[in-house]
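**Student:** The sequence shown begins at 1 in the UniProt record's numbering and counts up by one.
Okay, handing you the structure first.
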Amino acid sequence: MKVWIDSEEFTAEKHQLFDCRNVMDNLAASIKRFNESHMEGAVFVPGYPLLYSKDKPEEGRHPLPDLTRFYTFVTHHAAGKTAVCYDESAAFMAARFFFLCELVGIPCLIIRQGYEALALPEAVSHLEAAGYVAAVLALTPVHPARIHTELLASREEVRQARTSRAQLVDAREEKRFLGETEPIVVHPGRIPGAVNFPYKNVFASHGAEKLQATVGESPAIVYCGSGMSATPLFAALKSVGHPVKLYPGSYSEWIFHHPEDIERG
């Protein structure tokens, strides 16, 4: 399926821009960045409450957001146009937006170039963080016709992957995958049976094809620390027609329930 487009393919008549640039867990800094400069006509997508919900240890550090709220927001602003999202170079928020659109059945494309390389008209704005989130929450809910739960891997599916055909793929940097360093959670390491493909490699030349070669013929289950940076892997495998699911709770959920069941080295 088509996932990425070049900026030259964007047309305001057919597409609605969504600005997914965010400073993780920092709404004020994210809004400030958008206010200072964004693509003309773009709608700002705050990380919370649209791309993730608040930390629930049993569900991971960045659980799935309220999907009705996400669907309501995107369809309200897209108004019948195709959603087109952008981010900074080699970042993962736009891929998270794309994944959520897939989950609720909204057509979506990602602009291949990072924001700093876009040749589109720019604008400034004066959004205020609390007021903007309040407006998001005030939208009249519109429920998606279907949640595509077949795109989600449960913790039990992940546990069984080592004896099934599925291939676990860890999107974190190699040092975290090996358990040599872990800046966030208590237990460094990885889920048993996983192979490593750092998410930034997706954005290199032929990244999707290299990822597919890493996975082989098996269907993939992708994960990271909290379900965010694994989404570029999800998007890449979708783009080459490879079966893929996201484990939304990822490593932070896994170690809450199975701190003894990890690999290192």
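Beta carbons: idealized from backbone N, C-alpha and C, even for Gly.
I believe GLN16 touches HIS77 by the beta-carbon criterion, under 8 Å. Please report the beta-carbon distance rounded to the nearest angstrom.
**Tutor:** 6 Å
**Student:** For a minimum of 4 consecutive residues, which ranges assigned as the alpha helix (DSSP H) are wholly contained in the stretch 226-255?
**Tutor:** 231-239
**Student:** If you follow the beta strand (DSSP E) that THR214 is part of, which residue opens it and which one closes it?
**Tutor:** Segment 207-215 is the alpha helix (DSSP H) holding THR214; no beta strand (DSSP E) there.
**Student:** In or out: PRO57 buried (at least 16 other Cβ within 10 Å) or exposed?
**Tutor:** exposed
**Student:** Can you look up LYS56 in the DSSP assignment and give me helix, strand or coil?
**Tutor:** strand
**Student:** Which partner residues of ASN35 appear in the DSSP bridge assignment?
**Tutor:** Answer by DSSP bridge pairing: none, since ASN35 is not bridged.
**Student:** Does the structure place the stretch 67-76 close enough to the stretch 93-109 that three or more beta carbon pairs sit under 8 Å?
**Tutor:** Under the 8 Å Cβ criterion, the stretch 93-109 counts as touching the stretch 67-76, having at least three qualifying pairs.
**Student:** If you drop the 5 nearest sequence neighbours on each side, which residues of the same chain put their C-beta closer than 6 Å to that of PRO232?
**Tutor:** PHE92, ALA95, TYR199, VAL202
**Student:** Let me know if VAL124 comes out buried or exposed under the rule of 16 or more other beta-carbons within 10 Å of its beta-carbon.
**Tutor:** exposed
**Student:** Express the C-alpha separation of GLY131 and PHE34 in angstroms, rounding to a whole number.
**Tutor:** 15 Å
**Student:** With DSSP as the reference, identify every bridge partner of VAL222, one or two as the case may be.
**Tutor:** VAL169, LEU246
**Student:** Just to confirm my understanding: we take PHE177, look at its own chain, exclude 5 residues before and 5 after, and list those with CB closer than 7 Å. What are they?
**Tutor:** Within the same chain, Cβ atoms closer than 7 Å to the Cβ of PHE177 are found at ASP170, ARG190, ASN196, the five residues on either side in sequence being excluded.
**Student:** Which stretch, first to last residue, makes up the beta strand (DSSP E) that contains LEU17?
**Tutor:** The continuous beta strand (DSSP E) containing LEU17 extends over residues 15-19.
**Student:** Report the residue ranges of all alpha helix (DSSP H) runs contained in full by the stretch 128-185; include only those spanning at least 4 residues, in chain order.
**Tutor:** 129-138, 155-160, 174-178
**Student:** Taking Cβ to Cβ, would you say THR82 is nearer than 9 Å to VAL142?
**Tutor:** no
**Student:** For VAL195, write down the residues that DSSP places opposite it in a beta bridge.
**Tutor:** VAL169
**Student:** Express the C-alpha separation of ASP25 and LEU100 in angstroms, rounding to a whole number.
**Tutor:** 18 Å
**Student:** Give the secondary structure of VAL3 by DSSP, where H, G and I count as helix, E and B as strand, and everything else as coil.
**Tutor:** coil
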